[in-house]
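Trainee:
Residue numbers (the numbering used here), protein chains in the order written: chain A, 23 to 359; chain B, 23 to 359.
Now the structure itself:
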């Protein structure tokens with residue numbers, strides 16, 4: 023079952039007054055250096071509320087839940103961080119309680135932010151099984167309704183609103199600047215795949231010939247293996263990467279969207295991601311977390327540009343989050359520079 | 023002699039295809055925490071080309087120079103960094119050579135950026151006299167035309183284009199969101215005063231009742247002393263502050279604009295500026311240099327909000343630059359946290 027573009031449009035109507043329409047930025051230096059002859063549009067959801075796109079899906083899911091069950095008292099999820107904050111914020115906004123189960127290797131700042139928005143945070147072992155177990159225990163004891171961080175149509179439709187925004191924002195820029203007629207390609211980070219599912223649906227609906235590429239760390243390459251074998255193939259262990267938000271694996275529903283809408287999967291090394299993060303900070307003045315920078319990292323590699331983007335002019339790269347503390351975590355980046 | 027709003031409009035026509043219209047961002051967390059009941063609009067020229075507003079004035083000045091003297095071969099300036107980069111970029115774009123004299127305490131990254139854009143960089147003692155001497159020597163030996171970093175109508179009009187952008191961007195947001203009818207106050211960092219002169223002219227032309235506040239470090243308080251005594255009173259020595267871009271003093275022309283258009287001057291400590299820089303990085307995901315964050319620092323102080331902004335609803339704070347390297351310079355911020 024794939025989501026429909028009309029459901030994404032309905033999600034945008036539902037949530038648009040509670041989220042930011044995040045800006046699209048450009049950099050001539052980036053274009054000249056890494057993608058000569060192309061227009062690169064950076065869609066910056068690091069400037070989104072709670073610092074990532076996750077609020078889009080969380081709000082859509084919780085607002086729909088409140089429509090269906092006005093008496094709902096609490097929600098619960100498991101998350102490596104960004105969805106935890108987002109669900110906590112969405113729950114607060116709609117007046118329900120929020121429980122989150124975080125793997126023990128979750129970045130402290132992300133846990134703190136969820137608590138700040140009023141969530142009850144508990145920790146678990148960093149495995150998919152332990153995350154689900156922890157959430158189930160809370161459902162049993164509190165009656166909270168489970169909200170999955172990515173494997174649900176409401177989440178996918180919420181995340182897809184970023185795709186609708188890109189389409190209208192890039193069209194405005196193209197009309198003003200007369201540099202082309204449409205979006206030719208989009209690069210989207212993939213962890214669990216909710217964002218990829220939503221954005222790819224919106225883009226392919228509007229521009230059926232546009233290419234959609236997923237990007238993930240080479241050590242957390244379940245999307246690539248699943249895509250190549252046409253079989254859902256999760257990561258066996260919790261992979262090691264500086265992209266803490268992309269360690270999770272795709273689910274059946276997001277895998278199905280990928281197979282329907284996505285043209286290929288690009289892999290990036292942590293070194294490439296660190297360099298992209300640094301470029302975004304020093305040249306584009308943006309704080310982007312490593313997970314949020316993988317699409318930019320892919321564009322900084324000639325091999326990807328030559329292999330996948332030949333002849334394509336207008337490229338949107340999605341920057342998914344900015345929850346990274348350069349004042350205390352810079353070693354994570356500097357080790358590669 | 024004060025510049026006229028029509029000259030600022032002409033400047034915007036001249037340069038608009040070569041600069042970014044930088045975004046306006048907002049933060050509910052900031053509003054709730056520091057300015058309850060107000061709408062705070064962050065005009066983000068840290069995302070401008072070359073990382074600061076300086077390109078606006080530099081481009082206007084060099085393009086006008088080329089109109090008047092099509093055969094001009096070189097330009098020269100003295101600058102603590104951001105104007106150096108900007109003039110280098112503007113010169114490259116218009117096909118003239120560029121020389122810059124930087125005080126010896128200029129941030130290395132800013133000098134490097136000017137060189138990267140093709141400028142010939144020489145160093146001098148960190149005093150106003152030495153800067154002017156250095157520039158004069160280059161004029162003598164090369165015939166380059168001097169472009170002052172702030173004390174010239176063309177520069178003032180170029181910087182004022184940021185004011186015109188704010189007016190149209192905030193009006194769009196106000197019309198969409200129905201949260202008021204106009205800009206009620208603007209906060210602008212002041213070093214040499216070119217930006218303050220230009221923005222204040224544009225704002226007062228459109229909204230004569232709006233308040234315009236200059237903001238500067240308490241250790242580089244020539245604007246405050248000049249404003250209070252109604253007499254141009256430069257800083258005696260090159261002041262010590264983490265705001266390296268605001269150590270310079272106002273000139274007669276920018277002082278005259280301040281006395282005509284500005285309602286008061288707010289002072290901030292380096293500690294307050296460091297905290298503002300940290301908030302902008304960690305919560306708003308923006309890289310802002312200390313000089314660029316002083317307006318935000320002023321808004322984070324209750325005393326300023328109560329004394330100067332009582333009853334004012336729609337406040338624009340100008341973020342002037344982002345040329346700061348959090349991966350290597352974070353100690354400068356962390357010492358205060």
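Just so you know, even glycine gets a beta-carbon here, dropped at the ideal spot from N, CA and C.
Check the Cβ-Cβ distances between residue 266/B and every residue of chain A, and say whether any is below 8 Å.
Mentor: Not closer than 8 Å to any Cβ of chain A, the Cβ of residue 266/B fails to qualify, so no.
Trainee: Does DSSP put residue 338/A in a helix, a strand or coil?
Mentor: Note: residue 338/A maps to strand in three-state DSSP.
Trainee: Looking at chain A, which residues of the region 49–80 of chain B have a Cβ within less than 8 Å of any of its Cβ atoms?
Mentor: Residues 50, 68, 69, 71, 73.
Trainee: Can you tell me the Cα-Cα spacing of residue 320/A and residue 279/A, whole angstroms?
Mentor: For residue 320/A and residue 279/A, the distance between alpha carbons rounds to 22 Å.
Trainee: So with CB distances below 9 Å, who are the chain B contacts of residue 347/A?
Mentor: Here the neighbours are 303, 304.
Trainee: Any beta carbon from chain B within less than 8 Å of residue 356/A's own beta carbon?
Mentor: Chain B, which has a Cβ nearer than 8 Å to the Cβ of residue 356/A, makes this yes.
Trainee: Taking 8 Å as the CB-CB limit, is residue 352/B close to chain A?
Mentor: For residue 352/B, the answer is yes, since a Cβ of chain A falls inside 8 Å of its Cβ.
Trainee: Any beta carbon of chain A sitting closer than 8 Å to that of residue 120/B?
Mentor: Output row for residue 120/B: interface = no.
Trainee: On the CB-based measure, 16 or more other CB atoms within 10 Å of its CB, does residue 103/B come out buried or exposed?
Mentor: Looking at its Cβ environment, which holds 16 or more other Cβ atoms inside 10 Å, residue 103/B is buried.
Trainee: For the region 123–140 of chain B, which residues have a beta carbon sitting closer than 7 Å to at least one beta carbon of chain A?
Mentor: Result list empty, no residue passes.
Trainee: So which residues on chain B does residue 45/A lean against when the C-beta distance must stay under 7 Å?
Mentor: What residue 45/A touches in chain B: 45.
Trainee: Note down the Cα distance separating residue 52/B from residue 343/B, rounded to an integer number of angstroms.
Mentor: Distance between the alpha carbons of residue 52/B and residue 343/B: 19 Å.
Trainee: State the CB to CB distance for the pair residue 255/A and residue 248/A, rounded to an integer number of angstroms; the pair is presumed to be in contact (CB under 8 Å).
Mentor: With 8 Å as the limit, residue 255/A and residue 248/A qualify as a contact, their Cβ atoms being about 5 Å apart.
Trainee: Taking the DSSP output, what are the residues bridged to residue 343/B?
Mentor: DSSP lists 74/B as partners of residue 343/B.
Trainee: Taking 8 Å as the threshold (C-beta atoms), are residue 74/B and residue 108/B in contact?
Mentor: Yes, Cβ-Cβ distance for residue 108/B and residue 74/B is below 8 Å.
Trainee: Terminal residues of the continuous alpha helix (DSSP H) containing residue 142/A?
Mentor: Taken as a continuous stretch (DSSP letters only), residue 142/A belongs to no alpha helix (DSSP H), being part of the beta strand (DSSP E) at 142–146.
Trainee: In chain B, which residues lie with their C-beta within 8 Å of the C-beta of residue 344/A?
Mentor: Under the 8 Å cutoff, chain B gives 307.
Trainee: Buried or exposed: which applies to residue 95/B, given that a residue is buried once 16 or more other Cβ atoms fall within 10 Å of its Cβ?
Mentor: The residue in question, residue 95/B, is exposed, as its Cβ has fewer than 16 Cβ neighbours within 10 Å.
Trainee: So, at 6 Å on beta carbons, what are the nonlocal neighbours of residue 65/B in its own chain, with the 5 sequence-adjacent residues on each side left out?
Mentor: Contacts found: 46, 188, 338, 340.
Trainee: Here's the rule: buried if 16 or more other CB atoms are within 10 angstroms of the residue's CB, otherwise exposed. What is residue 224/B?
Mentor: Buried: at least 16 other Cβ atoms inside 10 Å.
Trainee: Along chain A, in chain order, which residues have C-beta atoms closer than 8 Å to that of residue 300/B?
Mentor: Ordered by position in chain A, the residues that pass the 8 Å Cβ test against residue 300/B are 349.
Trainee: In the structure shown, what three-state DSSP assignment does residue 154/A receive?
Mentor: Residue state, collapsed to three classes: helix.
Trainee: Can you tell me the Cβ-Cβ gap for residue 239/B and residue 263/B, rounded? I've got them flagged as a contact below 8 Å.
Mentor: Confirmed, Cβ separation roughly 4 Å.
Trainee: Suppose the cutoff is 8 Å on Cβ atoms and the five residues either side in sequence are ignored; what does the same chain contact list for residue 237/B look like?
Mentor: Result list for residue 237/B: 209, 210, 211, 212, 287, 288, 289, 290, 316, 317, 319, 320, in chain order.
Trainee: DSSP three-state label for residue 99/A, please.
Mentor: Residue 99/A: strand per DSSP, three-state reduction.
Trainee: Bridge partners for residue 288/A per DSSP, in chain order?
Mentor: 237/A.
Trainee: Taking contact to mean 3 or more Cβ pairs, one atom from each stretch, closer than 8 Å, check whether the region 295–305 of chain A and the region 26–40 of chain A are in contact.
Mentor: Touching, no.
Trainee: Count the other CB atoms within 10 Å of the CB of residue 87/B; is the residue buried (16 or more) or exposed (fewer)?
Mentor: Result: buried.
Trainee: With DSSP as the reference, label residue 84/A as helix, strand or coil.
Mentor: Three-state DSSP puts residue 84/A in a helix.
Trainee: Report the CB separation of residue 284/A from residue 218/A in whole angstroms; it is logged as a contact under 8 Å.
Mentor: Indeed, because the Cβ distance is near 7 Å, the residues count as touching under 8 Å.
Trainee: I need the straight-line Cα distance from residue 222/B to residue 228/B, nearest angstrom please.
Mentor: Distance between the alpha carbons of residue 222/B and residue 228/B: 10 Å.
Trainee: According to DSSP, what are the bridge partners of residue 119/A?
Mentor: BP columns for residue 119/A point to 96/A.
Trainee: Would you tell me roughly how many angstroms separate the C-alpha atoms of residue 165/A and residue 359/B, rounded to the nearest one?
Mentor: Rounded to whole angstroms, residue 165/A to residue 359/B spans 42 Å at the Cα level.
Trainee: Starting from residue 65/A, follow the beta strand (DSSP E) in both directions and report where the run begins and ends.
Mentor: Element bounds for residue 65/A: 61–66.
Trainee: Nearest-angstrom Cα distance between residue 244/A and residue 253/A?
Mentor: Spanning the two alpha carbons is a distance of roughly 10 Å.
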